[in-house]
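Peer 1:
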Amino acid sequence: MDMTRRAALMTSAAIASSVLFPMRSFGQETPRKGGVFTVHYGAEQRQLNPSLQASTGVYIIGGKIQEQLVDLDAKGQPVGVLAESWEAAPDGKTITFKLRPGVTWHDGKPFTSADVQFTAMEMWKKILNYGTTLQLFLTAVDTPDPLTAVFRYERPMPLNLLLRALPDLGYVSPRHLYEGKGDIRQNPVNLAPVGTGPFKFVQYERGQHVIAERNPNYWRANAPYLDRIVWRVVTDRAAAAAQMEAGQIHYSPFSGLTISDSARLGKDPRFIVSTKGNEGNARTNTIEFNFRRKELADIRVRRAIAHALDIPFFIENFLGDFAKRGTGPVPSVSTDFYPADNGPQYPFDKKLAAKLLDEAGFKPGAGGTRFSLRLLPAPWGEDISLFSTFIQQSLADVGIKIEIVRTDGGGYLKQVYDDHAFDLATGWHQYRNDPAVSTTVWYRSGQPKGAPWTNQWDWTDPTIDKIIDDAATEVDVAKRKALYGDFVRRANTELPIWTPIEQIFLTAISAKARNHSNTPRWGSSSWHDLWLAE
Amino acid sequence: MSPILVLDDVSVKLPAGGDRSHAMAHVSLSLAANEILCVVGESGSGKSMTANAIMRLLPGGVTIDGGRILFEGRDLCGLDEAQMRKVRGAGIAMIFQEPMTALNPLRSIGDQIGEMFELHSDLSAAEIKARTLALLEEVRIPDPALAFKAYPHELSGGQRQRAMIAMALALDPKVLIADEPTTALDVTTQAQILKLIRDLQRRKGTAVLFITHDFGVVAEIADRVAVMSKGEVVEAGETASVLGNPQHAYTRQLIAAVPPLKAPPPRALSEEPIMTIAHVSKTYRTGGFLGRGQRVTHAVKDVSLVLPRGATLGIVGESGSGKSTLARCLVRLIDPESGEIRLNGIDLASLSREEMRSATRDIQMVFQDPFASLNPRRKAGEAVAQGLIVHGMARPEALARAKELFGLVGLDPAATERYPHEFSGGQRQRIASASASALPARWRWSRRYWSPTSRSRRSTSPCRRRC
Amino acid sequence: MRVLTLAGRRLAASIPTLILILIGVFLLLQLAPGDTVDAMMAQMGGGDAATAKQLREFYGLDLSVWAQLGNYLWRLVRLDLGFSAIYGKPVATVIAERLPATILLMTASLSFAFFFGLILGVVAARGVNKWPDTLISTLGLLFYAMPTFWFGLMAIVVFSIYLQWLPAGGFEDITVSYTGLRRTLDIALHLVLPTLTLGLFYMAIYLRIMRGSMLEVLNLDFVRTARSKGMDETRVVVRHVLRNALLPMVTLIGLQAGTMLGGSVVVESVFSLPGLGRLAYESVIQRDLNTLLGIIFVSALLVITINFIVDLLYARLDPRITTGS
Amino acid sequence: MDLVKLYFRSPPAVIGLVLLILVLAMAASADILYPRDPLALAGRPLIWPFSNPRFLLGTDNSGRDIAAQIFHGARISLLIGGVATVISIMIGITVGAFAGYYGSWVDTALMRVTEAFQTLPNFLLLLVLVAVFGSTITTVTVAIGIVSWPASARLTRAEFLSLRNREFVQAGRTLGLKDIRLIFGEILPNALPPVIVYASVVMAIAILLESALAFLKLSDPNVASWGNLIGAGRDVLRVQWYVSAIPGIAILVTVLAVSLVGQGLNDALNPRLKSR
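Protein chains in written order, with the working numbering: chain A, 9 to 542; chain B, 964 to 1430; chain C, 146 to 470; chain D, 989 to 1264.
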């Protein structure tokens, strides 16, 4: 078995090239009704209601049981689910949604605008992560009739920003099961979600599995095809790959398997391994600089560090072709906001890096070390730990000694974003279809201490703050895109964070599945059209 | 009567590396029915190996390499394992030295005796129980029914030896081999067991091969005696003639070593007492919970003694009589509840730990077991010098003093560098007493230092003459 | 019954030990960086400072350490193990859900290890220094020296993927719902590899202990007496030696009960079994103090009960205990 | 000394010693054979063993030379095993000595603490200690030491209980020796042999614990320990199984060597057992 890693990954890349993927002509195959679809569920969440927690770990289950107002279609454009149509007032402060008639909750109660009003005001505005900032200026939701919901904003809300955000942050919960039933967070329905979606919740055995069955009176005609979905809790990645090969699991979402297992399954005709269907979940690997260290406060040192890393070599040899060169905070898959000119890039140039470090006054001392830094890698994601080792190895060549400090989830958040006890940190920046949702907070100053994935680098840049604030309330689509172009160029020039690698989640799915990966956030969508061939 | 058991020129080879090549060399013995033959000799003379050879229960690596063992005319060496098993227990039975460990602690006495019948007969369970109870009756164990159900640890040493005898005689064997059965028992029980063996032997006419190192036992029980030394039978014959006028020099030496029971000639004792013990008592409280169900044993009850200067006071008693506890109280290893121990004016009992530590210059103790009284990990010289170093003498000077003392107790001064396990029992006893006498103690307490190893060493111990 | 009072006293003596452990771990985990809210936000992938403050108040994390400890002990006295931050359910229910898997795994591995350890130990002791002894001892050492997770993963590769004989993981097959005997059989099938992985290490230990104990007992005087009674070697071993040799083996069960649960953390994560071991690992990562202390409380009770049973077993084997030597 | 002669009579003990010397040699020669930092980027990741002359045993998934990590890892694993054993034996002896010698309430109190450590699953305590004090090499080693002392404490206590009433100890008391001198001067030398033999078991367990920690990615990433290599290999186990297999075998050989030597010493110390 002498297949070198690169050759192995090249062939799988051919299969995985996201854009040119020739969809098999499904037209003439008639969808088969029935069957059980098993899903690899890697990290158990504390609750399953997507209107309370915006994370892939919840969507993978809650997204099949509850539905949102608006989702993304195959081409990534907003398409109505619970909302049939929508229109925004010219001043951008009022947005009206016409709701879909004849939709019922799994317990038989009708779906009305009252549900939307309660969910928006009590859940999106007060509890939902990222929802709280998105709906900061939402004052009220009027319900003139059971099928109309009018959103009133204090400051203008750009329609395309809201429509881009709702697929993730727009899930609706049943008002009659939450209103007046005590603290929403502790409501038992969160662990046995009730929704309007194609699958009804059946059972959740903690640590083992979650089961959902077909919703007989689902509002889409003769959907869904599957009888039952089973999510199997498997925390060990190698064990998950083994169970897929043993036929016990059909689908492993969001890069649930190790890189080498993904490459191997990619070459196995029984499975399809690709990034297709995950464009809505793009992320960039970050290197975060702590300006409290005088070395890192110097722009030349930050640029030297960027030049010292041979990113193409790392991507090609360590991540395989599921990743590509990052150009800035906004990833290339975001067709609406990806600027043509991304500002300065930092190609690999060890000599330039050494020159910059000398200029900054950090000459190599005894044993060739200029200074040493503590690097805290985020403890999730195989690529992050490989990248942290690669950083340690590469910076050692330019005289910067890196000590990697290993932590667990809670410890990482506390030490980086609260105690600021780090020099370099590396992890993921999740891009959620619109820079305003979860990207600009990395750069905007004045973030509260302890808020994770926000600007805790002790770095303030009034220019970038102004660009961010203007863009957030700019109603004109073209102007908003131009503003975010300036934002990206400024970010790359000042380099408080470097985003050298852009990745999309990887899907590993059985070749027997049909109508899969057919929307940009398929993993989180409702699977109403998914079916299993024999 | 024709001999029932004959050892004809039997030799037993030891594995390589032992201190000598053969455990038994050309041993010839004969044992007739209704007769007790005593085989006597020091430890390592091969007497126990003879018993093992007869039963063919030799330890690993030890083999019979010559001679015949005839039992009822049949040569046991030629038998295969199955045939030999039929002889063991039914033909020839055996009892051992340590009653404490010779019985399986986890099974009842009745069960272990009954097993003899299960092995060699096909009696029903009820019959076996009856026969066992009869046997227990025969060996005069108090309350046989209780003993039947009891476990070994619930019986005293003597009772356990009686159970062993009952087990051995269950199938009326032709020959009983007794391997020093009374050595580990105290004197009174020893006499009872010997009398029991004597009576049973007369009544049943069994031939008894009695192995011992104690001439007292030989005198009391033996019809004929054989003396063994270094694996050879040096002398054999009627007990009276061998004890009366021993032919072999070694036999004479053994007999001379038996201390006479008459008192040594009286010496003039000084009137002035060096130490007076008044009303000392010590009780042990063990077990029990918050005072309820405690077991209280009064080890020492209101003892008063006077020790004149320069005299030797012997305290005799059976084990459990309290003599050791009294000794430990005197050197404050144990604190008595009441009473005074006055040593030239100072009451030792009332001293604090610190004061007692300095008083140790005046009172020292030599212990019974030579093997245990020296720290195996410490050179012999150091053990002697320790007392001096503790009381402030510089180390080199203390070691020099130790060499002097070694010479005094008849040991080679250079031996101070050697470790305890390189000395014999007797030599170790001398080291112990040297260590005790290192301090210029005016009074020395030496508890019964008669060692179980060999009687001949005891008489030459220096301590008796000087203190 | 004297043995009950003895074992009862031991039970009473273990209460202070238990309290000692709980307080010790409680204070220890306070020093860990980050609390359960940080861990929650890490898992959620977001969350602003306001929600974090709210959550901290809800979980009572804003109180002083000693106040939190006081609350915890006061609830513990009323046998209320508190609320699990990870699962939003009372800790007692969370543990009750995960207990069967762990108990099944531990009893299976323990009995496998004890049974085969005993047999191989006896065989090795009987043929000491001959080929069975060396073979068994080396085999034992091999299993003892092999990292358990490594053996587990390799076993999956061989038995579930390559040979497709056994399931690769999980507690039971839920895509199809079995009932009754069929379900127990299915669970048993799922437990074969984990039991082997956890059990082999402990079998190696029992094997060595049994061999040593057999050799020790074979040298004792009463074995010589038994032989002098005309017994063949097998009967000597069965009727006399075995029972005495079992004593140290029984005490070992008590001593090892604790470490076994530790071992199951790794085995449960390799075979994705929903047991207490993995729950404990997750509750450390998630800083869910109530669940962690609940697990320690339950596993301590488990160990204490096992020791209680071991005492009873020991007393039945060795009469010297009950009749008080 | 006949101990040495006795030791060399049993073949497994000799094999154990040879293996141990091999591992020690590997640890000693690491700097000579592989001068570069074992964690440095040596080449492309996941090269198969024996396929590339520059990397005899291939490279792991971080492009590091596996052979270099095995040699340097020998030093780290022996260091972790050794230091952790010394810590646990030290604590064990002190606790066991005082509990065994003084008895009464001292004994009960110390035994309660020992029981507490034994009731609590030790791997769990290890996880908590690493989560609290971070996973640098020092905390991992000290944590393993802290977690594994109860067994040696029990062993030492048992030895002291049997030795403290021996006559040479009482002789020492009558000579006026203070308790401390009696404990450490007189009794401990006699109590040590079985504890030292047990040290081999503790060391074996320490190395296995470190590899289990590394398997859960909780060991020190800045150090080339075998456990880390297994942890890294876990992600590529199904295809490049050799990344975990090679260090696994290294651990197997070392623990085997340590156990065989321990067993050899044990048999040599009480020959009666062996020669039966």
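Note that the Cβ used here is the ideal one computed from N, Cα and C, for glycine as well.
Assuming contact is defined by CB atoms lying nearer than 7 angstroms, are A:Ile509 and A:Asn293 in contact in what I supplied?
Peer 2: yes
Peer 1: Would you call the region 337-352 of chain C in contact with the region 287-304 of chain C, where contact means no fewer than 3 C-beta pairs closer than 8 angstroms?
Peer 2: Counting Cβ pairs under 8 angstroms, three or more are found: they touch.
Peer 1: What in chain G is Cβ-close to D:Arg1222, meaning under 9 angstroms?
Peer 2: Absent here is chain G; the protein component of the structure consists of chains A, B, C and D.
Peer 1: Would you kindly work out how many angstroms separate the C-alpha atoms of B:Leu1082 and B:Ala1182, rounded to a whole number?
Peer 2: 37 angstroms
Peer 1: For the region 164-181 of chain A against the region 80-98 of chain A, do three or more pairs of beta-carbon atoms, one drawn from each stretch, fall closer than 8 angstroms, so that the two count as touching?
Peer 2: yes
Peer 1: Given 8 angstroms as the limit, is there contact between the region 431-451 of chain C and the region 1140-1149 of chain D, that is, 3 or more CB pairs closer than that?
Peer 2: no
Peer 1: Can you give me the C-alpha to C-alpha distance between B:Ala1056 and D:Gly1088, rounded to a whole angstrom?
Peer 2: 43 angstroms
Peer 1: Excluding sequence positions up to five away, which residues of its chain have a Cβ less than 6 angstroms from the Cβ of C:Ala313?
Peer 2: Ile301 and Ser305
Peer 1: Need the endpoints of the alpha helix (DSSP H) that C:Arg276 sits in, please.
Peer 2: Checking the sequence shown, residue 276 of chain C turns out to be Trp, not Arg. Residues Trp276 to Ala290.
Peer 1: For D:Val1249, count neighbouring C-beta atoms within 10 Å of its own C-beta (all shown protein chains included) and say buried if the count is 16 or more, exposed if not.
Peer 2: buried
Peer 1: Out of B:Thr1175, B:Ser1321 and B:Ser1400, which has the shortest C-alpha to C-alpha gap to B:Ala1014?
Peer 2: B:Thr1175
Peer 1: Using a C-beta cutoff of 7 angstroms, does D:Arg1161 count as contacting chain B?
Peer 2: yes
Peer 1: Would you mind giving the Cβ-Cβ distance between D:Val1130 and C:Val429, rounded to the nearest angstrom? I have them listed as a contact below 8 angstroms.
Peer 2: Actually they are not in contact, since the Cβ atoms of D:Val1130 and C:Val429 sit about 18 angstroms apart, beyond 8 angstroms.
Peer 1: Would you call the region 327-342 of chain A and the region 476-483 of chain A touching, i.e. three or more CB-CB distances under 8 angstroms?
Peer 2: no
Peer 1: Quick check: the region 189-209 of chain A against the region 47-67 of chain A, are at least 3 beta-carbon pairs closer than 8 angstroms?
Peer 2: yes
Peer 1: Are the CB atoms of B:Val1171 and B:Leu1139 nearer to each other than 7 angstroms?
Peer 2: It is a contact, given that the beta carbons lie within the stated cut-off.
Peer 1: Just verifying my parser: in three-state terms, what is the DSSP assignment at B:Thr1416?
Peer 2: Because B:Thr1416 sits at a pLDDT of 36, beneath the cut-off of 50, its placement in the model cannot be relied upon, and the point is left open.
Peer 1: Let me check understanding here. Comparing Cα to Cα, which of C:Leu352, C:Leu226 and C:Leu424 lies closest to C:Leu284?
Peer 2: C:Leu352
Peer 1: Can you look up A:Trp506 in the DSSP assignment and give me helix, strand or coil?
Peer 2: strand
Peer 1: So which of B:Pro1062, B:Ala1262, B:Ala1241 and B:Tyr1247 has the shortest CA-CA distance to B:Val1269?
Peer 2: B:Ala1241
Peer 1: Could you give the distance in angstroms between the alpha-carbon of B:Ala1404 and the alpha-carbon of B:Val1353?
Peer 2: Note that B:Ala1404 scores a pLDDT of 47, beneath 50, so its modelled location is shaky and nothing firm can be said.
Peer 1: Name the DSSP bridge partner or partners of A:Tyr346?
Peer 2: BP columns for A:Tyr346 are empty, so no partner.
Peer 1: What residues in its chain sit with their C-beta under 8 angstroms from that of A:Gln251, if we drop five residues either side in the sequence?
Peer 2: His48, Arg240, Val242 and Ile257
Peer 1: Is the number of C-beta pairs between the region 208-218 of chain C and the region 377-395 of chain C that are closer than 8 angstroms three or more?
Peer 2: no
Peer 1: Can you look up B:Ala1141 in the DSSP assignment and give me helix, strand or coil?
Peer 2: strand
Peer 1: To the nearest angstrom, how far is the alpha carbon of A:Phe356 from that of A:Leu403?
Peer 2: 12 angstroms
Peer 1: Which residue's Cα is closest to the Cα of D:Val1157: D:Ser1140, D:Ala1179 and D:Pro1138?
Peer 2: Measuring from the Cα of D:Val1157, the nearest candidate turns out to be D:Ala1179.
Peer 1: Under a three-way DSSP split, which group does A:Glu288 fall into?
Peer 2: Note that residue 288 of chain A is Gly in the sequence shown, not Glu. The answer is helix: DSSP assigns A:Gly288 an H, G or I state.
Peer 1: Looking at the unbroken alpha helix (DSSP H) that takes in A:Arg308, where does it start and where does it end?
Peer 2: Ile307 to His315
Peer 1: Report the residue ranges of all alpha helix (DSSP H) runs contained in full by the region 1295-1342 of chain B; include only those spanning at least 4 residues, in chain order.
Peer 2: 1316-1322
Peer 1: In three-state DSSP terms, what is D:Pro1037?
Peer 2: DSSP, read as helix, strand or coil, puts D:Pro1037 in coil.
Peer 1: Judging by CA-CA distance, which residue of A:Val496, A:Ser181 and A:Gln455 is the nearest neighbour of A:Asn350?
Peer 2: A:Val496
Peer 1: So if DSSP puts A:Asn293 in a beta bridge, which residue, or which two residues, is it bridged to?
Peer 2: Answer is A:Trp436 and A:Ile509, bridged to A:Asn293.
Peer 1: Strictly under 7 angstroms for the Cβ-Cβ distance: is B:His1176 near chain C by that measure?
Peer 2: no
Peer 1: Chain C beta carbons: is any one of them nearer than 7 angstroms to that of B:Thr1064?
Peer 2: yes
Peer 1: Can you tell me where the beta strand (DSSP E) holding B:Ala1189 begins and where it ends?
Peer 2: Arg1187 to Ser1192
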